[in-house]
Amino acid sequence: MAMYCSISNEIPEHPCVSPASGHVFERRLIEKYIAENGTDPITGDVLSEEQLIEVKASPLVKPRPPSATSIPAILKGLQDEWDACMLHSFTLRQQLQTARQELSHALYQHDAACRVIARLTKEVTAAREALATLKPQAGIAAVPAASAAAPASIPMEENMEVSVPAGETGMSEEVLQKLQKKATLLTAERKKRGKRMPEDLTAPEKLRNYHQVATYPGLHSASTPGILALDVQLTDTSKVLTGGLDKNAIVFYKDTEQVVATLKGHTKKVTNVIYHPTEEIGITGSADSNIKVWSLLNGTCTHTIKAHDEGVTGLSLHATGDYLLSCSADQHWAFSDIRTGHVLNKCLSDPSVNQGLTCAQFHPDGLIFGTGTSDSLIKIWDLKERANVAKFPGHSGPITDITFSENGYYLATSADDAVVKLWDLRKLKNFKTITLHDTFEVKSLSFDQSGTYLAVGGSEIQIYVVKQWELLNSFNDHTGLVTGVKFGQHAGSLISSSMDRHLKFFSL
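For what it's worth, UniProt numbering labels the leading residue of the sequence shown as 1, then goes sequentially.
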């Protein structure tokens, strides 16, 4: 009876037996296998070369029968070898697929573990900060004047989200002086510019030829479609921030055509967004009543401002870049510090009526601001005095948006009545009404940075030239309601967002 090697399936020249499995092997092959694996190839048990038992056999080998040397037999042998190679290749592919699946599962587990560790680290840090404030609170109660300075003495880790309660700290004399100084500077700059138009401003004739040059679909979730808010960075209008029904805000760079950050943290739809004009800071307001300040460099929330009890309906950044105006359906407007997350002032719009605020906007100088209400009224407020100094009636339906012109004189407003009204702040009266078709819904208004053009977004997009109030161009490229319109630098482009989840750019 011939012995065959269990590895090569050939008659061995130097046979030996493995005591682990009892199988016969060619010594040369089994020694190489043991050197690489250290185990028996059949059972997988530990095996060394010293354990191999040499088998004494006759050197005579029975020749192959004549039938095996025929051409059909050779072809049959080659076919068998090919089949064996294919089966071996199939087995290797199966093992490779299994290894890939196991590696993918391990990577997911690693990622989940890292996220859990990061969250727990964040919670521990927040808990330590909360404990650190317990002792200072006793001193704060005894010395109220130190209340604003106490939080600054507490060490704070970078990029740690701080949730600040809604209690007012008041505007200090330093803040008031800062606001007044900025307003004086901006007024002087405006007078210096006079009525001269910027040299790089796009001419009205060119705006007539604007058309869609780029569109970016699907920035937000398809399961809850819709972009509700839009803003661009004033110094680089290729950087865009959007807020959506999917509870997220998206940072998009037009130059690279990439989403660079997804800001997650709100529990309800994001209704308002602000892209800081000179820094990589984003601000979002949500129907969950929270306002979040984000570092856009790493997509982390640095402060959560709890200024309201109901959904946030309006946000506006002060010209200093340090303070935020917000309004809510809870009928209050609030003035907050985005650097600390503290609410400095909070005021009830009108205690005699139960009507929420729908929008808010700072005047370019920053000492006054406007709010819109759900009962068709526009109110002008003195920030320092917290006083309502003017009211503009005339719309019907909730106010949908308000915007001040950079010249400081004009205010544009819209409501659910298919008209856009222009107000002269010097005379406190309506001097122009742009009547749209009956079914037109206006959701967004925006002056360009020079105050020369006005964009209207809603059922479609329309661009008007100021003073003549002539319609220069209109776009109906969106399939849904337009929720945001913003001009690029020198009116060189127009950016829009819509409930159809598309972000569009219009230019020459």
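Where a beta carbon is used, it is the ideal one built from N, C-alpha and C, also for glycine.
Asked, Found
"Run of the alpha helix (DSSP H) containing A287, from where it starts to where it stops", "First-last for A287: undefined, no H or E at that position."
"Same chain only: Cβ atoms within 6 Å of N388, ignoring 5 sequence neighbours per side", "K379 and W381"
"Between the CA atoms of D416 and S444 - distance to the nearest angstrom", "12 Å"
"Of the listed residues S493, L503 and V55, nearest to A203 (C-alpha basis)", "S493"
"Which of helix, strand or coil DSSP assigns to H490", "helix"
"Start-end ranges of the beta strand (DSSP E) lying completely within the region 248-315, minimum 3 residues", "249-253, 258-263, 270-275, 281-286, 291-295 and 300-305"
"H276 to S352 span [Cα, whole Å]", "36 Å"
"Segment contact, 8 Å Cβ cut-off, at least three pairs: the region 244-253 with the region 459-478", "no"
"Spatial distance of K32 from L107 (CA atoms)", "35 Å"
"Buried/exposed call for I338, threshold 16 Cβ in 10 Å", "buried"
"Heavy atom of the ligand SAM within 7 Å of I434 beta-carbon", "Because no ligand of any kind appears in the structure shown, any question about the ligand SAM cannot be addressed here."
"C359 versus I274: straight-line alpha-carbon distance, rounded", "14 Å"
"Residue(s) in a DSSP beta bridge with N407", "Partner(s): none; N407 has no beta bridge."
"Same chain, Cβ closer than 7 Å to P144, neighbours up to 5 away in sequence not counted", "Per-residue confidence for P144 stands at a pLDDT of 37, beneath the threshold of 50, marking its modelled position as unreliable; the derived number appears in the next sentence. Result list for P144: empty, nothing under 7 Å."
"Beta bridge counterpart(s) of V17 as assigned by DSSP", "V24 and I53"
"Minimum C-alpha distance to D365 - residue among Y410, L348 and K239", "Y410"
"Local Cβ density within 10 Å of F25, reported as buried at 16 or more and exposed below that", "buried"
"F392 - partner residues in DSSP beta bridges", "I378"
"C-beta contact flag for G243 and V270 at 8 Å", "yes"
"Residue environment, K182, which counts as buried when at least 16 other CB atoms sit within 10 Å", "buried"
"Length of the line joining the Cα atoms of P19 and I53", "7 Å"
"Straight-line Cα distance separating L96 from L29", "25 Å"
"Proximity to L508 [Cα-Cα], best of Q212, A35, T39 and Q180", "Q212"
"Own chain, CB closer than 7 Å to I34, minus 5 neighbours either side, in chain order", "L47, S48 and E49"
"Exposed unless 16 or more other CB atoms sit within 10 angstroms - verdict on P155", "Legend: pLDDT at P155 = 35, less than 50; position of this residue unreliable, no value from coordinates given."
"N37 (DSSP reduced to helix, strand or coil)", "helix"
"For G484 and D500, believed in contact at Cβ under 8 Å, the rounded distance", "About 12 Å separates the two Cβ atoms, so there is no contact after all."
"DSSP state of D416 mapped onto helix, strand, coil", "coil"
"Residue range of the beta strand (DSSP E) that includes A229", "I227 to Q233"
"Touch test, the region 176-193 against the region 319-327, Cβ-Cβ under 8 Å, three pairs minimum", "yes"
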